[in-house]
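**Student:** First residue of the sequence shown: 38, per the working numbering; consecutive thereafter.
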Amino acid sequence: MSLNGKIVFVTGASAGIGAATALAFASEGARLLLAARRADKLAEVASACLDRGAEAVHCIELDVRRRDAVQAAIDGLPAEWAAIEVLVNNAGLSRGLDKLYQGKIEDWEEMIDTNVKGLLYVTRAVAPGMVARGSGHVINLGSTAGELTYPNGAVYCASKAAERAINDGLRQDVLGTPLRVTSVDPGMVETDFSLVRFHGDAERAAKVYKGVKPLTPEDVADAIVWAAGRPAHVNIARISMTPVQQANSLLFHREP
Ligand code: 8X3
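This is the structure we're talking about:
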């Protein structure tokens with residue numbers, strides 16, 4: 038189905054998969070509603086989206102962990118931006134790679150508050166309008182980490198296992214409406230993901246990608262736009278995607 042002129046809301050749109058997704062929808066001529074905490078970075082992405090062919094762009098400075106702010110942002114949208122057609126629940130992060138019995142509780146809170154509760158807050162604010170209008174597609178960012186837990190990553194993996202359950206639950210709950218619900222579950226993608234996980238330790242982050250050609254944010258954005266562009270009667274439930282050198286969240290082939 039054509040995405041031209043459709044309102045697409047992307048959270049965490051200031052960088053990584055979120056920014057690439059915004060640009061990919063821009064190429065389809067979508068109207069982009071972009072949310073992130075970093076207003077300056079978001080403005081750069083917005084300008085690139087307009088250059089790329091977006092019909093219009095509207096930015097919202099938003100931390101999805103703030104429940105009241107999320108609801109107020111959606112309630113306060115200008116009328117011409119209210120009819121969100123596609124919601125991409127992309128905002129998310131990992132913090133720390135530690136044994137559960139040594140993990141930092143602040144890291145856990147940040148991951149659960151963003152990846153699980155933030156996703157729920159945004160969905161709860163946006164989906165009722167979709168149901169009322171009889172049209173909409175919720176696309177959630179999952180992970181291979183939600184399919185198979187890896188050592189030292191229990192809480193991050195749990196947050197993505199929760200995403201998987203929420204994605205599947207929402208799809209059942211909108212049965213009988215024309216809404217569509219999709220999870221896109223990447224493995225290793227080269228973004229700031231590892232830098233954020235290791236609290237800015239660039240050397241440690243670089244080791245994650247050593248000897249592997251990871252997915253790019255654009256690879257994931259392609260899958261998201263593809264799912265959104267299927268005919269209205271087609272629902273893509275889940276896309277699990279990895280680099281060729283990754284079999285699952287535990288098993289890699291690394292070139293020396
Ligand atoms: C990102 C994939 O395996 O680095 O969700 O956790 S992984």
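For each residue, glycine too, the CB sits at the ideal point set by N, CA and C.
Closer than 7 Å: is that where the CB of residue 3 sits relative to any heavy atom of the ligand 8X3?
**Tutor:** Beyond the ends of the chain as shown, which are 38 and 293, falls residue 3; an answer cannot be given.
**Student:** Okay, do the region 163-183 and the region 202-222 touch, 3+ Cβ pairs below 8 Å being the bar?
**Tutor:** These segments touch.
**Student:** Could you spell out where the alpha helix (DSSP H) holding residue 146 opens and where it closes?
**Tutor:** Unbroken alpha helix (DSSP H) run through residue 146: 142-148.
**Student:** Comparing the CB of residue 181 with every heavy atom of the ligand 8X3, is any distance shorter than 7 Å?
**Tutor:** Flag set: Cβ of residue 181 near the ligand 8X3.
**Student:** Three-state secondary structure (DSSP) at residue 225?
**Tutor:** It is coil, neither helix nor strand.
**Student:** Mind checking whether the beta-carbon of residue 244 lies closer than 7 Å to any heavy atom of the ligand 8X3?
**Tutor:** No, Cβ of residue 244 sits at least 7 Å from all heavy atoms of the ligand 8X3.
**Student:** Mind checking whether residue 67 and residue 82 have CB atoms under 8 Å apart?
**Tutor:** No, the pair does not count as a contact, with Cβ atoms beyond the cut-off.
**Student:** By how many angstroms is the C-alpha of residue 249 removed from the C-alpha of residue 281?
**Tutor:** Cα to Cα, residue 281 sits roughly 9 Å from residue 249.
**Student:** Just checking residue 197 against the ligand 8X3 - is the residue's beta carbon closer than 7 Å to any of the ligand's heavy atoms?
**Tutor:** At least one heavy atom of the ligand 8X3 is nearer than 7 Å to the Cβ of residue 197, so yes.
**Student:** If we count Cβ pairs, one from each stretch, closer than 8 Å, do we get three or more for the region 123-133 versus the region 229-246?
**Tutor:** Flag = yes, the region 123-133 and the region 229-246 touch.
**Student:** So residue 126 packs on residue 87, CB below 8 Å; how close in whole Å?
**Tutor:** About 24 Å separates the two Cβ atoms, so there is no contact after all.
**Student:** The ligand 8X3 and residue 193: does the residue's C-beta get closer than 7 Å to at least one heavy atom of that ligand?
**Tutor:** True, at least one ligand heavy atom lies under 7 Å from that Cβ.
**Student:** Find out if the Cβ-Cβ distance for the pair residue 91, residue 258 is shorter than 8 Å.
**Tutor:** Not a contact, by the Cβ cut-off of 8 Å.
**Student:** Comparing the CB of residue 235 with every heavy atom of the ligand 8X3, is any distance shorter than 7 Å?
**Tutor:** No; taking the cut-off as 7 Å, the Cβ of residue 235 has no heavy atom of the ligand 8X3 nearer than that.
**Student:** Once the 5 residues before and after residue 283 are set aside, which same chain residues still bring their CB inside 6 Å of it?
**Tutor:** Result list for residue 283: 224, 225 and 289, in chain order.
**Student:** Between residue 175 and residue 207, how many whole angstroms is the CB-CB distance? I'm expecting something under 8 Å.
**Tutor:** About 6 Å; that satisfies the 8 Å criterion.
**Student:** State the Cα-Cα distance for the pair residue 196 and residue 110, rounded to the nearest angstrom.
**Tutor:** Roughly 24 Å separates the two Cα atoms.
**Student:** Is residue 297 near the ligand 8X3, going by C-beta to nearest heavy atom under 7 Å?
**Tutor:** The structure shown has nothing for residue 297, since the chain only spans 38 to 293.
**Student:** When we look at the beta-carbon of residue 38 and count the other beta-carbons within 10 Å, is it buried (16 or more) or exposed?
**Tutor:** Looking at its Cβ environment, which holds fewer than 16 other Cβ atoms inside 10 Å, residue 38 is exposed.
**Student:** Out of 77, 44, 64 and 189, state which residue places its alpha-carbon closest to the alpha-carbon of residue 116.
**Tutor:** Selected option, being the one with the closest Cα: 44.
**Student:** What separation, rounded to the nearest whole angstrom, lies between the Cα atoms of residue 48 and residue 292?
**Tutor:** Each residue's alpha carbon lies about 35 Å from the other.
**Student:** Say the cut is 7 Å; is the CB of residue 131 nearer than that to a heavy atom of the ligand 8X3?
**Tutor:** Checking every heavy atom of the ligand 8X3 against the Cβ of residue 131, one is found closer than 7 Å.
**Student:** So is the beta-carbon of residue 14 under 7 Å away from any non-hydrogen atom of the ligand 8X3?
**Tutor:** Past the boundaries of the shown model lies residue 14; the chain is included only from 38 to 293, so the question cannot be answered.
**Student:** When DSSP labels each residue in this structure, what does residue 296 get in the three-state scheme?
**Tutor:** Outside the shown range of the chain, which is 38 to 293, sits residue 296, and nothing can be said about it.
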